[in-house]
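Enquirer: Protein chains in written order, with the numbering used here: chain Z, -13 to 98; chain L, 6 to 119.
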Amino acid sequence: ILNVEQSPQSLHVQEGDSTNFTCSFPSSNFYALHWYRWETAKSPEALFVMTLNGDEKKKGRISATLNTKEGYSYLYIKGSQPEDSATYLCASGPRNDYKLSFGAGTTVTVRA
Amino acid sequence: GAGVSQSPSNKVTEKGKDVELRCDPISGHTALYWYRQSLGQGLEFLIYFQGNSAPDKSGLPSDRFSAERTGGSVSTLTIQRTQQEDSAVYLCASSRAGPANEQFFGPGTRLTVL
């Protein structure tokens, strides 16, 4: 199992502020990096799947970048809104294996 | 179309009893995964199935846990002689083949062992 780490564990953001947090993963044998949003009492939902070094993906006010050589990904939330409050999970998938290794998540709380 | 469904949504059982948790994946998804989240913990991989290949059982915490997938579709996770530490939310996910395909998660089964 790959060692995927996320930091910080939690953060509080004022509504309207922007924020970002990190996912680090072993760069050897890397194939894919996933980001999921997990809201309370709901199922995790996929935000992005990235495979190429330098990939940048965007969905509304949320974006992500990927550096496969150094083994990290950033998730950015621009102009945070209360509905962005959730736990954000990243997961790394190695080559030739379907099994993802999940980080423990970053829990974001947006204060109105 | 229909998403991943799981049943039951909640299960309360007594220590020592067996339980079965069911997952119906999205039609056409060849990969199926089971995870669990214990209180205060992250998402823990349990087992995955890919097509007709032998399942990867490397995440099962003990031999009390087993899973099967019939006809490449529905999967059942069985926990025998449940213990209190088995209390968790059990999530099922499915995806198209390959680690670069997003996983679609079911609503989960909350298992409480008294």
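For glycine and all other residues, C-beta sits at the position ideal for the given N, C-alpha and C. Predicted model only: the values in this text are computed from it and were never measured.
Quick one: is L/Q42 buried, meaning 16 or more other Cβ sit within 10 Å of its Cβ, or exposed?
Expert: Buried, by the Cβ-count rule.
Enquirer: How many whole angstroms separate the CB atoms of Z/G79 and L/G47, which I take to be in contact at a CB cut-off of 8 angstroms?
Expert: 16 angstroms between Cβ atoms; not a contact.
Enquirer: What is the DSSP secondary structure of Z/D83, counted as helix, strand or coil?
Expert: Three-state DSSP puts Z/D83 in coil, outside helix and strand.
Enquirer: Closest Cβ-Cβ distance between L/F50 and chain Z: below 8 angstroms?
Expert: L/F50 counts as touching chain Z.
Enquirer: Closest to Z/L33 by C-alpha separation, out of Z/Y60, Z/G65 and Z/I48, would be which residue?
Expert: Closest option to Z/L33, Cα to Cα, is Z/I48.
Enquirer: Roughly how many angstroms separate the alpha carbons of Z/Y(-4) and Z/G57, rounded to a whole number?
Expert: It is Ser, not Tyr, that sits at residue -4 of chain Z in the sequence shown. Those two C-alpha atoms are separated by around 21 angstroms.
Enquirer: Could you list the residues in the region 51 to 63 of chain L with a C-beta less than 7 angstroms from some C-beta on chain Z, going in chain order?
Expert: Here the close residues are Y53, Q55 and D61.
Enquirer: For the region 79 to 116 of chain L, which segments carrying the beta strand (DSSP E) assignment without a break, of at least 3 residues, lie completely within its bounds, in sequence order?
Expert: For the region 79 to 116 of chain L, whole beta strand (DSSP E) runs of length 3 or above, ordered along the chain, are 80 to 84 and 93 to 100.
Enquirer: Confirm, please, whether the CB-CB distance from Z/T73 to Z/W24 is below 8 angstroms.
Expert: The answer is yes: Cβ separation under 8 angstroms.
Enquirer: Establish whether the CB of Z/H20 and some CB of chain L are separated by less than 8 angstroms.
Expert: Judged by the 8 angstroms Cβ criterion, Z/H20 is in contact with chain L.
Enquirer: May I ask which residues mark the beginning and end of the beta strand (DSSP E) holding Z/R97?
Expert: Note, Z/R97: beta strand (DSSP E), T92 to R97.
Enquirer: By DSSP, does L/D68 sit in helix, in strand, or in coil?
Expert: Three-state result, L/D68: coil.
Enquirer: I need the straight-line Cα distance from L/S92 to Z/N15, nearest angstrom please.
Expert: Distance between the alpha carbons of L/S92 and Z/N15: 34 angstroms.
Enquirer: Are the region 26 to 41 of chain Z and the region 101 to 112 of chain L in contact at 8 angstroms, needing three or more beta carbon pairs?
Expert: Touching, yes, given that three or more Cβ pairs across the two stretches are closer than 8 angstroms.
Enquirer: State yes or no: is the beta carbon of Z/D83 nearer than 8 angstroms to at least one beta carbon in chain L?
Expert: With 8 angstroms as the cut-off, Z/D83 counts as an interface residue toward chain L.
Enquirer: With distances taken Cα to Cα, identify the nearest neighbour of Z/Y62 among Z/T92, Z/F7 and Z/E1.
Expert: Among Z/T92, Z/F7 and Z/E1, the Cα nearest to that of Z/Y62 is on Z/F7.
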